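Numbering (our numbering), first residue to last: 17 to 137.
C-beta: ideal position from N, C-alpha, C; glycine also.
Model, not experiment: these values are computed from the prediction.
Shown next, in the form of structure tokens:
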């Protein structure tokens, strides 16, 4: 199953927030991503219907196993790509911004090669 780039960004955000907060709510996602509440609500609904996120009676968001695996994949890509770009002399801010763009379009093959190269340095 393939998920759109925006969905990946939401999953990654929920993962990041879950490391910082005891409970993640849509409002937390909205504030973190600087998106409107209606936009976040719609996206969370789509992710819930796709089996990536569950929402309990209190409105707390939890990644399903499927959502967790997608989020971790994107987060790993972001982290490693940022590290590589910084190692090449790119500023941390630019490296993070560029990694955020690249992480959604890079092939698994190219990413694995970059990951291997990075671990050998």
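* Tell me which same chain residues have a C-beta within less than 6 Å of the C-beta of residue 49, skipping the five on either side of it? -> So the qualifying residues of the chain are 29.
* **C-alpha gap between residue 80 and residue 24, whole angstroms** => Their backbone Cα atoms lie some 14 Å apart in a straight line.
* **Selection from 87, 124, 51, 104 that minimises the alpha carbon distance to residue 34** => Comparing Cα-Cα distances from residue 34 to each of 87, 124, 51, 104, the minimum goes to 87.
* Integer Cβ distance of residue 94 from residue 119, believed to fall under 8 Å -> In this structure residue 94 touches residue 119 by the C-beta definition: roughly 5 Å separates them, less than 8 Å.
* By Cβ distance, which residues of its chain are closer than 6 Å to residue 112, with the 5 residues on each side in sequence left out? -> Correct list, in chain order: 98.
* Please go through the same chain and pick out, in chain order, the residues whose beta-carbon is closer than 7 Å to the beta-carbon of residue 134, but skip the five residues on each side of it. => Closer than 7 Å at the Cβ level, and outside the excluded window around residue 134, lie 96, 99, 100.
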